[in-house]
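Q: Below is one structure. I have some questions about it.
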Amino acid sequence: MAKKPGAGGIILAAVMLGLVAAYMIYRHESNLEKQQKEHWIPLVVARNDIPARTKITSDMITLQPYPKDLIVQGAIQERKEVEGRVALNRLKAKEQIRSSDLAAEGQVPGLSYDIPPGMRAIAIGASEISAVGNQVKPGDHVDVLATYSEPNTHQETTRTVLQDVLVLAVNKGDTSTQAPGANTSMTLAVKPEQAELLMAADRASVIRVMLRAPTDKAIVDSPGITVRDFQGSKSFEVAPKSADDQQSTPVTIIPPSSRRGSEITIYRGSQSQTTSTE
Numbered sequence: 057m058a059k060k061p062g063a064g065g066i067i068l069a070a071v072m073l074g075l076v077a078a079y080m081i082y083r084h085e086s087n088l089e090k091q092q093k094e095h096w097i098p099l100v101v102a103r104n105d106i107p108a109r110t111k112i113t114s115d116m117i118t119l120q121p122y123p124k125d126l127i128v129q130g131a132i133q134e135r136k137e138v139e140g141r142v143a144l145n146r147l148k149a150k151e152q153i154r155s156s157d158l159a160a161e162g163q164v165p166g167l168s169y170d171i172p173p174g175m176r177a178i179a180i181g182a183s184e185i186s187a188v189g190n191q192v193k194p195g196d197h198v199d200v201l202a203t204y205s206e207p208n209t210h211q212e213t214t215r216t217v218l219q220d221v222l223v224l225a226v227n228k229g230d231t232s233t234q235a236p237g238a239n240t241s242m243t244l245a246v247k248p249e250q251a252e253l254l255m256a257a258d259r260a261s262v263i264r265v266m267l268r269a270p271t272d273k274a275i276v277d278s279p280g281i282t283v284r285d286f287q288g289s290k291s292f293e294v295a296p297k298s299a300d301d302q303q304s305t306p307v308t309i310i311p312p313s314s315r316r317g318s319e320i321t322i323y324r325g326s327q328s329q330t331t332s333t334e
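Residue numbers for the sequence shown follow the numbering used here, beginning at 57 and rising by one.
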């Protein structure tokens with residue numbers, strides 16, 4: 057009478073069958089992967105993030121296979137087509153490098169590549185005072201203040217003429233955020249109509265910029281302020297009644313202020329008269 061296999065034999069047989077099945081599955085998947093990769097195409101990718109305007113060397117790139125249906129238009133397959141060229145924008149690690157990502161051979165990318173769509177680049181003068189103590193750098197955002205003389209009242213007025221303006225470059229067109237802050241000039245990205253306003257303000261007034269916090273996008277609506285405003289009073293002008301009016305010179309009236317008590321000052325041209333309201 058034959059002996060029945062013990063529990064140990066059954067377990068051993070089950071283990072052997074499991075190992076055989078695992079090996080067969082592994083072989084099958086390996087063959088599938090091999091067949092798939094035979095149809096994949098090696099593409100040039102960045103090993104790590106490559107900053108914009110960086111000349112690409114051989115150690116910065118590698119080849120990585122991609123399936124045909126995931127290859128982007130213009131992707132580069134040859135390392136020699138990338139080595140020695142300059143990245144126009146930041147290249148992310150493991151992403152395919154395209155021809156449009158690189159400057160043409162022998163061409164150094166200029167400031168024009170940094171200008172946002174629909175904007176223009178325009179430069180203004182900068183100094184330690186006007187440029188926030190030389191702290192303004194490319195990538196910062198600033199507000200532009202202008203102090204000018206009102207044509208009618210001849211009063212000095214200060215207004216914020218532009219807000220949240222991107223700084224593209226400083227000094228001699230330096231676009232590096234690691235460079236020293238603006239001390240001779242700064243190049244701003246503005247809309248065409250804003251460029252006209254900025255040019256007029258630069259011509260007719262004194263310009264100064266205010267540095268904004270990176271997260272501050274608020275736009276403040278302000279009518280501006282005159283010298284008389286911060287003295288504690290707002291002035292207003294009374295125009296002549298008619299062309300035949302003997303008082304052809306506009307009259308500027310300054311209401312009482314806390315600093316002067318109950319007095320009103322009236323200006324007629326170069327003449328002034330102070331009257332008590334008590």
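Note that CB positions come from ideal geometry on N, CA and C, so glycine has one too.
From the DSSP output, in three-state form, read off K148 for me.
A: In the sequence shown, the residue the question calls residue 148 occupies position 92. Correct three-state label for K148: coil.
Q: From K193, R146, Q234, pick the residue whose C-alpha is nearest to that of A225; which is it?
A: Position 169 of the sequence shown, counted from the first residue, corresponds to residue 225. That would be K193, whose Cα lies nearest to the Cα of A225.
Q: Whole angstroms are fine: how far does the CA of P123 sit from the CA of V246?
A: Position 190 of the sequence shown, counted from the first residue, corresponds to residue 246. Position 67 of the sequence shown, counted from the first residue, corresponds to residue 123. If you take the alpha carbons of V246 and P123, they lie about 43 Å apart.
Q: Tell me which residue opens and which closes the beta strand (DSSP E) that Q250 is part of.
A: Looking up residue 250 in the sequence shown gives position 194. That residue, Q250, is in no beta strand (DSSP E); its alpha helix (DSSP H) goes 248-260.
Q: Within 10 angstroms of its Cβ, does G174 collect 16 or more other Cβ (buried), or is it exposed?
A: Numbered from 1 along the sequence shown, position 118 holds the residue referred to as residue 174. Under this definition G174 is an exposed residue.
Q: Enumerate in chain order the residues of its own chain whose CB-to-CB distance from W96 is below 7 Å, with the five nearest sequence positions on each side excluded.
A: In the sequence shown, residue 96 corresponds to position 40, counting from 1. The residues are P121, Y122, P123.
Q: Between which two residues does the beta strand (DSSP E) holding Y204 run?
A: Position 148 of the sequence shown, counted from the start, is the residue given in the question as residue 204. Y204 -> beta strand (DSSP E) spans 197-205.
Q: Identify the residues that DSSP records as bridge partners of R176: which are they?
A: For the purposes of this step, residue 176 is taken as the residue at position 120 of the sequence shown. V246, per the DSSP bridge assignment.
Q: If you run the structure through DSSP and keep just helix, strand and coil, what is R154?
A: On the sequence shown, residue 154 is found 98 positions in, with the first residue counted as 1. It is a strand residue.
Q: For M266 and E151, what's the separation of their Cα atoms in angstroms?
A: Taking the first residue of the sequence shown as 1, we reach residue 266 at position 210. Taking the first residue of the sequence shown as 1, we reach residue 151 at position 95. Straight-line Cα distance between these residues: approximately 38 Å.
Q: Going by other Cβ atoms of all chains shown within 10 Å of its Cβ, with 16 needed for buried, is T271 buried or exposed?
A: For the purposes of this step, residue 271 is taken as residue 215 along the sequence shown, with counting starting at 1. The residue is exposed, with fewer than 16 neighbouring Cβ atoms inside 10 Å.
Q: Taking C-beta to C-beta, are V138 and L167 nearer than 8 Å?
A: Working through the sequence shown from its first residue, we reach residue 138 at position 82. Working through the sequence shown from its first residue, we reach residue 167 at position 111. Their beta carbons are not under 8 Å apart, which means V138 does not touch L167 by this criterion.
Q: Would you call A257 buried or exposed, if buried means 16 or more other Cβ atoms sit within 10 Å of its Cβ?
A: Here the question's residue 257 lines up with position 201 in the sequence shown. Label assigned to A257: buried.
Q: Residues in the same chain with beta-carbon distance under 8 Å from I178, minus the five sequence neighbours each way, listed in chain order, please.
A: Position 122 of the sequence shown, counted from the first residue, corresponds to residue 178. If we look at I178 and ignore the five residues flanking it on each side, its Cβ neighbours are T243, L244, V246, A251, L254, M255.
Q: With the cut-off set at 8 Å, would you say Y204 and A149 are in Cβ contact?
A: Taking the first residue of the sequence shown as position 1, residue 204 is located at position 148. Taking the first residue of the sequence shown as position 1, residue 149 is located at position 93. No. Outside cutoff.
Q: Starting from R264, follow its DSSP beta bridges and name the residues at the other end.
A: Counting from 1 along the sequence shown, the entry for residue 264 is found at position 208. Bridge partners of R264: L201.
Q: Out of R83, I81, A269, which one is the CA nearest neighbour of G195?
A: One-based indexing of the sequence shown puts residue 195 at position 139. Checking every option, the nearest Cα to that of G195 belongs to A269.
Q: To the nearest angstrom, how far is it from the Cα of S314 to the Cα of E212?
A: Position 258 of the sequence shown, counted from the first residue, corresponds to residue 314. Position 156 of the sequence shown, counted from the first residue, corresponds to residue 212. Bear in mind that the predicted position of S314 carries a pLDDT of just 48, short of 50, making it unreliable; the figure below should be weighed with that in mind. Those two C-alpha atoms are separated by around 21 Å.
Q: With P123 as the anchor, note down where its beta strand (DSSP E) starts and where it stops.
A: Counting from one through the sequence shown, the residue named residue 123 turns up at place 67. Careful: P123 lies outside any beta strand (DSSP E) and carries neither H nor E.
Q: Following the continuous beta strand (DSSP E) through L222, name the residue where it begins and the one where it ends.
A: As a first step, residue 222 is located in the sequence shown; it is residue number 166 there, counting from the start. Here the beta strand (DSSP E) through L222 covers 212-226.
Q: Can T216 and D199 be called in contact, C-beta distance under 8 Å?
A: Sequence index remark: in the sequence shown, residue 216 carries index 160 (1-based). Sequence index remark: in the sequence shown, residue 199 carries index 143 (1-based). Yes; because the gap between Cβ atoms is below 8 Å, this pair is in contact.
Q: For the beta strand (DSSP E) containing I97, list its first residue and its last residue.
A: The count along the sequence shown starts at 1 and reaches residue 97 at position 41. Taken as a continuous stretch (DSSP letters only), the beta strand (DSSP E) holding I97 covers 97-102.
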